[in-house]
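Asker: Chains as they are written, first to last, in full-length UniProt numbering: chain A, 1 to 477; chain B, 1 to 477.
Note that beta-carbon positions come from the ideal geometry of N, C-alpha and C, so glycine has one too.
1) According to DSSP, is residue 389 of chain B helix, strand or coil?
2) Could you tell me which uninterrupted alpha helix (DSSP H) segments, each at least 4 residues in length, are contained entirely in the region 264–292 of chain A, listed from first to last along the chain?
3) Mind checking who residue 173 of chain A pairs with in its DSSP beta bridge?
4) First and last residue of the beta strand (DSSP E) that includes residue 479 of chain A?
5) Going by other Cβ atoms of all chains shown within 10 Å of its Cβ, with 16 needed for buried, is residue 478 of chain A buried or exposed?
6) Quick check: the Cα distance between residue 288 of chain B and residue 84 of chain B, rounded to an integer number of angstroms?
7) In angstroms with no decimal places, state the Cα-to-Cα distance between residue 222 of chain B and residue 52 of chain B.
8) Of all Cβ atoms in chain B, is any one closer than 9 Å to the Cβ of residue 456 of chain A?
9) Given a cut-off of 9 Å, decide if residue 54 of chain B and residue 424 of chain B are closer than it, judged by their beta-carbon atoms.
10) Is there contact between the region 454–470 of chain B and the region 170–183 of chain B, where contact requires at least three CB pairs shorter than 8 Å?
11) Which two residues bound the contiguous beta strand (DSSP E) that contains residue 17 of chain A?
12) Given a threshold of 16 other Cβ atoms within 10 Å of its Cβ, counted over all protein chains shown, does residue 398 of chain B qualify as buried or as exposed?
13) Does the separation of the CB atoms of residue 344 of chain B and residue 382 of chain B fall below 9 Å?
14) Where residue 410 of chain B and residue 429 of chain B are concerned, what is the direct C-alpha to C-alpha distance, given to the nearest angstrom?
15) Let me check one thing: in DSSP terms, what residues is residue 33 of chain B bridge-paired to?
16) Is residue 40 of chain A buried or exposed, if buried means 16 or more other CB atoms sit within 10 Å of its CB?
17) Is there at least one Cβ from chain B nearer than 9 Å to residue 246 of chain A's Cβ?
18) Determine which residues of the region 106–123 of chain A have a Cβ less than 7 Å from any Cβ of chain B, and write them out in chain order.
19) Could you name the residues of the region 339–354 of chain B whose beta carbon sits closer than 7 Å to any beta carbon of chain A, in the order they occur along the chain?
20) Would you say residue 409 of chain B faces chain A, with C-beta separation under 9 Å as the test?
21) How many angstroms separate the CA atom of residue 87 of chain A from the CA atom of residue 202 of chain A?
22) From residue 6 of chain A to residue 269 of chain B, what does the alpha carbon distance come to, in whole angstroms?
23) Counting Cβ pairs closer than 8 Å, one from the region 413–423 of chain B and one from the region 368–381 of chain B, do we hit at least three?
24) Compute the Euclidean distance between the alpha carbons of residue 108 of chain A and residue 274 of chain B, then round it to the nearest angstrom.
25) Have a look at A:163, A:226, A:216 and flag the residue whose alpha-carbon is nearest the alpha-carbon of residue 196 of chain A.
26) When burial is assigned at 16 or more other CB atoms within 10 Å of the CB, is residue 45 of chain B buried or exposed?
27) What's the C-alpha gap between residue 301 of chain A and residue 72 of chain A?
28) Using a Cβ-Cβ cut-off of less than 9 Å, give me the residues of the region 256–269 of chain B that come near chain A, in sequence order.
29) Using the Cβ count rule (16 or more neighbours within 10 Å means buried), how would you classify residue 206 of chain B?
30) Grab the span of the alpha helix (DSSP H) containing residue 252 of chain A for me, first residue to last.
31) Below 8 Å between beta carbons is the criterion; list the residues of the region 159–182 of chain B that meet it against any residue of chain A, in chain order.
32) I need the DSSP call for residue 10 of chain B, collapsed to helix, strand or coil.
33) Using the beta-carbon count (16 or more within 10 Å), is residue 141 of chain B buried or exposed?
34) Under 7 Å between beta-carbons, which chain E residues line up against residue 275 of chain B? List them in chain order, please.
35) So residue 209 of chain A is in the beta strand (DSSP E); what residue range does that whole segment cover?
36) Taking the beta strand (DSSP E) that residue 234 of chain B belongs to, which residues open and close that run?
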C-alpha cells in the first residue's frame with residue numbers, strides 16, 4: 001500500500017512499436033571488437049581455480065547422517081535430496097534419483113536502454129564454477145534470494161533495485177519459468193527484461209550490447225550462458241502484424257524464419273488447438289513424485305566422495321572448491337551435478353507454405369510443477385541411451401544426427417547453468433527436415449510466434465526449448 | 001500415435017467470426033417457456049431424498065483409525081484429510097483445517113451446435129445432493145475420472161466421447177482450472193467447450209439453450225450450477241476488434257461493459273504490466289502447506305458424527321445419504337463440506353474513460369498450485385469475520401454492502417459445486433463504485449477482455465472470479 005493513486009485514464013493496447021525497436025537493435029550487430037577486448041581482459045582478471053573435492057570436505061555444507069541429504073549450514077541456497085518417480089506408461093515407468101531442491105525464486109534480469117535510438121542490453125561477464133569456459137555472458141542480474149538477501153554476507157548484487165522496483169521502469173517481460181526438470185525439483189526463476197531511461201553507471205564487469213551483437217555471440221561456443229538465453233527467449237521478438245524484418249529477406253530460410261515470427265502469416269494448427277492438445281496431455285498424464293532421503297535412493301551410492309549411479313551413467317553429484325576471483329565472495333565450496341556426457345538439444349524445423357515451423361515435443365519430467373512442458377524435438381544425452389529401453393530413444397534423434405550439413409541451420413555447444421551444473425554442455429541445433437508427424441502423437445509443428453505467445457506465461461516451454469528459441473531468433477537478423 | 005498425417009497447409013489466424021457467432025447466440029434470449037416446462041418436469045421426476053447421517057454411518061466410506069482421514073473403500077473419488085498452512089505476513093499466518101484431496105482431473109464440458117445459424121449449448125438437468133434447489137443446470141458432461149472409468153459400476157457418462165476425442169470436433173476452449181482453494185487441495189478440472197456438426201441425440205435430461213437463454217437463467221437463484229459458470233467463463237465472448245454487440249448500446253453501463261470486452265478499447269494497465277504484477281506476487285509470496293492426518297489438526301474435532309471447528313465456524317464435514325432419482329447410481333452416501341453460512345462474492349466495477357473495469361484481488365489460498373490466483377474484489381463469509389483479526393476483513397466489503405441499489409448491477413445467490421459442498425450458497429454481485437486503489441496494493445483494475453486473455457490459461461482466475469465473469473457477460477446482451 002504505497003504510492004499515490006494512479007491516474008484513471010485508458011491507454012490503448014501496445015502497437016507494434018516495441019517489435020520495431022527490437023528489430024532495429026537486431027540489425028545493429030557490428031562492432032564487436034570492443035566487446036572482445038573487454039571480455040579478454042575480464043577473463044584474465046577473473047581467473048578462478050576450481051578443484052574437485054570429496055563431498056565430505058565441503059565447507060559450510062553438511063551431509064545429514066540420517067537422510068544422507070546435503071544441505072548448507074544456513075538452511076538456505078539449495079539442498080540435494082532424493083526423489084522417487086512414477087510415470088505410468090512411460091518407457092521407464094519408475095525410477096529414483098538424486099535431485100536439487102531450491103524452493104527460492106531467483107531473479108534473472110536484463111536491463112535495456114536506448115542509445116541513439118538503438119536498444120542495448122547490459123550484460124555481465126560472470127564466472128561460474130561449472131562453466132565450460134569459466135567466464136560467460138550473463139544477464140545484468142542473476143541472483144537467488146539467498147544471494148540478494150545476502151546470506152553469505154558478500155557484496156550487494158548490483159542493479160538489483162531496477163528489478164525489485166520494476167514498476168517504476170518499463171517492464172518488457174516478467175515471467176516465472178522452470179529450469180531443468182530432470183535435475184531440479186520444481187525450481188522456478190523470474191525472467192525479467194526492464195527498460196530504463198536515466199543514467200546507468202556501468203560496472204567493470206558489465207557492457208552494453210545490442211540484440212544484434214548478442215545474436216552474433218550466440219554463435220560462439222559456451223559464451224552466452226543459459227540464464228541469458230532463457231531471458232532473451234521471453235522478449236517479444238515477434239509481431240501481431242507483418243514483421244519489420246520481413247523487408248530484408250536474405251534467402252528463403254531467413255524469410256521463412258521471419259514470417260514464422262508474425263501472427264498474420266498463419267500456422268498449421270490454431271492456438272486453441274495447441275492449447276487443447278497441451279491441456280489433454282496434462283489432464284491425462286500421471287506423474288507421481290515423492291521426495292525421499294538420499295540414503296533410500298536405490299542404485300545410487302556415495303563413492304569416492306561423490307554420489308554416483310551404479311552404472312556410472314546419467315550424472316554424479318560432486319563437490320567443488322572455488323578460489324580467487326571477483327565474485328560476491330572470494331572463495332567457496334559447493335555440491336554440483338556433473339552430467340555423464342554431452343547432450344543434444346535440437347529442433348527439427350520445416351517450412352509449411354513458406355512459414356518455418358519447429359517440431360515441439362510434449363515432455364514429462366519429474367521436476368515440472370505442471371506435469372508436462374514443451375521441449376525441443378530431441379533432448380537427450382546419447383551416452384545414456386544404451387542403458388535405457390529402446391522406446392526411450394528419442395523418436396527423431398537420427399533425423400538430427402544424419403542431417404546433411406546444408407540443412408543444419410544452427411549447431412553450437414552451449415553450457416547449462418554453471419552455478420549448479422559442472423561442465424554440462426549440450427549441442428544446440430536447428431535442423432531442417434520434412435518429417436511427417438501423425439495426429440495424436442506427442443509432437444506438434446508450431447511457429448515462433450505461437451511459442452512467443454506461450455512464453456508470456458509460466459511453464460509452457462522448458463529451459464532447453466527456451467534456449468533454442470533464443471538461438472533461432474539469432475538467425476533472423 | 002494414431003491417425004493419418006495431417007495436410008501440411010497453413011491456416012490464417014482465427015478472425016472475429018467466432019465472437020460474432022457467439023454474439024448472435026447471446027441476442028437470442030427469448031423463448032424460455034419450453035425450458036421451464038421441461039425443467040419443472042425433470043425436477044418432479046428426479047426427486048431425491050437427502051438425509052444427513054453421521055460420518056460413521058457412511059456406506060462405502062471409512063475413517064482410517066490411525067489418521068482419522070476419510071476415504072472411499074475403492075481408494076478412488078476423493079478423501080478428506082488435514083492440512084497445515086503457513087503464509088508469512090498474512091493476517092492469519094498459521095492455521096490447520098480439514099481439506100478435500102481429489103487428485104483426479106475431471107471433465108466439465110459443454111457441447112455446442114448451430115441450429116439455423118445460432119449456437120446452442122447442450123445443457124443437463126442434474127441433481128447433486130448439496131444443491132440448494134436439488135436440480136440445477138449443469139454442463140453436458142460433468143464427470144470425474146472415477147465417474148467415467150465407472151468405479152461405481154453405474155451408467156456410462158453420456159456424450160463423454162465428444163470430449164475424450166475432441167480433436168475430431170471444433171474445440172472452442174479447453175483449459176485446466178482450479179476449484180475452491182480453501183476446501184480443495186490442488187484440485188483441477190478440464191473446462192471444455194466443443195462444437196459439433198452432425199446429429200446429436202438429446203437425452204431426456206438434456207436441452208439445447210442459446211447463450212442468451214443461459215444468460216437470462218443466470219439471473220435466477222441457484223439454477224445455473226458452478227460447473228456451467230466456470231465453463232462459460234472460458235468462452236471467447238471478447239473480441240480483438242470492435243465488439244459486435246457495441247451496435248446495441250442500451251444504456252451507458254451496457255455500452256461500458258461491451259467496450260470492456262474488446263481489445264481495441266484499451267485498458268488502465270497494459271497486459272505486460274498485469275502479468276508482471278502477478279509474477280511479482282507469485283515470486284514473493286510464500287505459502288507453505290503440508291498435508292497432515294486429520295487427527296493432528298488442532299481445534300477441529302469429530303463431534304456428533306461430523307468434523308467441526310471448536311467455534312462452530314467456517315465449515316463442517318458432514319455425511320449425507322442420498323436415495324432415489326435418476327443419477328448414474330440410484331443411491332449412495334458420501335462426506336460433504338457444509339459451510340457455516342452464506343457468503344458474498346463481488347466485483348467492484350468502475351468505468352474508466354467509458355470502459356468498464358473490475359477490481360481484481362490477488363488472493364493467496366492454501367490449495368492453489370501456483371500460490372496466488374485472481375479473485376473477486378470481495379470474497380468472504382461475513383459470519384466468520386468476527387472470529388478473525390480485523391485485517392482479515394475484506395478491504396472493500398463495506399463498499400459492496402452499502403452500495404446504493406441503482407449501482408448494484410447484478411446480485412443473485414448461486415450454489416457452489418453440489419457434489420462436494422452441502423448448501424454452499426454465495427450471493428454473486430457486481431457493484432459500481434468509484435473507489436481509488438493505490439499503486440502497489442494487491443488489487444488491480446482490469447477489463448473483461450484482459451480477464452478473457454488470462455482465462456485461456458490455467459490458474460490465473462479462481463473459480464469465484466470465473467463465476468462472476470460468466471455473470472458479467474450475461475449482462476451484455
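Answerer: Let's see:
1) Taking the second chain and counting its residues from 1, one reaches residue 389 of chain B at position 389. Residue state, collapsed to three classes: coil.
2) 271–284
3) In the first chain, the residue the question calls residue 173 of chain A occupies position 173. Beta-bridge annotation (DSSP): residue 173 of chain A is paired with A:193.
4) The first residue shown for chain A is 1 and the last is 477, placing residue 479 of chain A beyond what the model contains.
5) Residue 478 of chain A cannot be examined here, being either before or after the span of chain A that is shown, 1 to 477.
6) Taking the first residue of the second chain as position 1, residue 288 of chain B is located at position 288. Taking the first residue of the second chain as position 1, residue 84 of chain B is located at position 84. Each residue's alpha carbon lies about 8 Å from the other.
7) Along the second chain, read from residue 1 onward, the residue named residue 222 of chain B stands at position 222. Along the second chain, read from residue 1 onward, the residue named residue 52 of chain B stands at position 52. Straight-line Cα distance between these residues: approximately 21 Å.
8) Residue mapping note: residue 456 of chain A aligns to position 456 of the first chain, counting from 1. It does; some Cβ of chain B falls within 9 Å.
9) The residue you call residue 424 of chain B lines up with position 424 of the second chain. The residue you call residue 54 of chain B lines up with position 54 of the second chain. Contact flag unset, no.
10) yes
11) As a first step, residue 17 of chain A is located in the first chain; it is residue number 17 there, counting from the start. Run containing residue 17 of chain A: none in the beta strand (DSSP E); it sits in the alpha helix (DSSP H), 17–27.
12) Counting from one through the second chain, the residue named residue 398 of chain B turns up at place 398. So residue 398 of chain B counts as exposed.
13) Indexing the second chain from 1 puts residue 344 of chain B at position 344. Indexing the second chain from 1 puts residue 382 of chain B at position 382. Going by C-beta atoms, residue 344 of chain B is nearer than 9 Å to residue 382 of chain B.
14) The residue given as residue 410 of chain B occupies position 410 in the second chain. The residue given as residue 429 of chain B occupies position 429 in the second chain. Those two C-alpha atoms are separated by around 5 Å.
15) The residue labelled residue 33 of chain B in the question sits at position 33 within the second chain. The partner list for residue 33 of chain B (beta bridge, DSSP) is empty, contrary to what the question assumes.
16) Taking the first chain and counting its residues from 1, one reaches residue 40 of chain A at position 40. So residue 40 of chain A ends up on the exposed side.
17) Within the first chain, the letter at position 246 stands for residue 246 of chain A. Not an interface residue.
18) none
19) 352, 353
20) In the second chain, counting from the first residue as 1, residue 409 of chain B sits at position 409. No, residue 409 of chain B does not count as interfacial toward chain A.
21) The residue given as residue 87 of chain A occupies position 87 in the first chain. The residue given as residue 202 of chain A occupies position 202 in the first chain. Their Cα atoms are separated by approximately 49 Å.
22) On the first chain, residue 6 of chain A is found 6 positions in, with the first residue counted as 1. On the second chain, residue 269 of chain B is found 269 positions in, with the first residue counted as 1. Its pLDDT being 49, under 50, residue 6 of chain A is placed unreliably in this model, and the coordinates cannot settle the point.
23) With a cut-off of 8 Å, the region 368–381 of chain B and the region 413–423 of chain B do not count as touching, because too few Cβ pairs lie within range.
24) In the first chain, residue 108 of chain A corresponds to position 108, counting from 1. In the second chain, residue 274 of chain B corresponds to position 274, counting from 1. Using only the alpha carbons, I get a separation of about 19 Å.
25) Here residue 196 of chain A is taken as the residue at index 196 of the first chain, counted from 1. The residue among A:163, A:226, A:216 with its C-alpha nearest the C-alpha of residue 196 of chain A is A:163.
26) Here residue 45 of chain B is taken as the residue at index 45 of the second chain, counted from 1. Residue 45 of chain B is exposed by the Cβ-count criterion.
27) On the first chain, position 301 is the one that residue 301 of chain A refers to. On the first chain, position 72 is the one that residue 72 of chain A refers to. Residue 301 of chain A and residue 72 of chain A: Cα-Cα distance of roughly 21 Å.
28) 263, 264, 265, 266, 267, 268, 269
29) Your numbering for residue 206 of chain B matches position 206 in the second chain. Buried, since its Cβ has 16 or more Cβ neighbours within 10 Å.
30) Position 252 of the first chain holds residue 252 of chain A. Its alpha helix (DSSP H) spans residues 252–260.
31) Residues passing the 8 Å Cβ filter: 166, 167, 171, 172, 173, 174, 175, 176.
32) Working through the second chain from its first residue, we reach residue 10 of chain B at position 10. It is coil, neither helix nor strand.
33) Residue mapping note: residue 141 of chain B aligns to position 141 of the second chain, counting from 1. By the 10 Å Cβ count, residue 141 of chain B comes out buried.
34) Here chain E cannot be found, since the structure's protein chains are A and B.
35) Numbered from 1 along the first chain, position 209 holds the residue referred to as residue 209 of chain A. Unbroken beta strand (DSSP E) run through residue 209 of chain A: 206–210.
36) The sequence position of residue 234 of chain B within the second chain is 234, counting from 1. Per DSSP, residue 234 of chain B belongs to no beta strand (DSSP E) and is neither H nor E.
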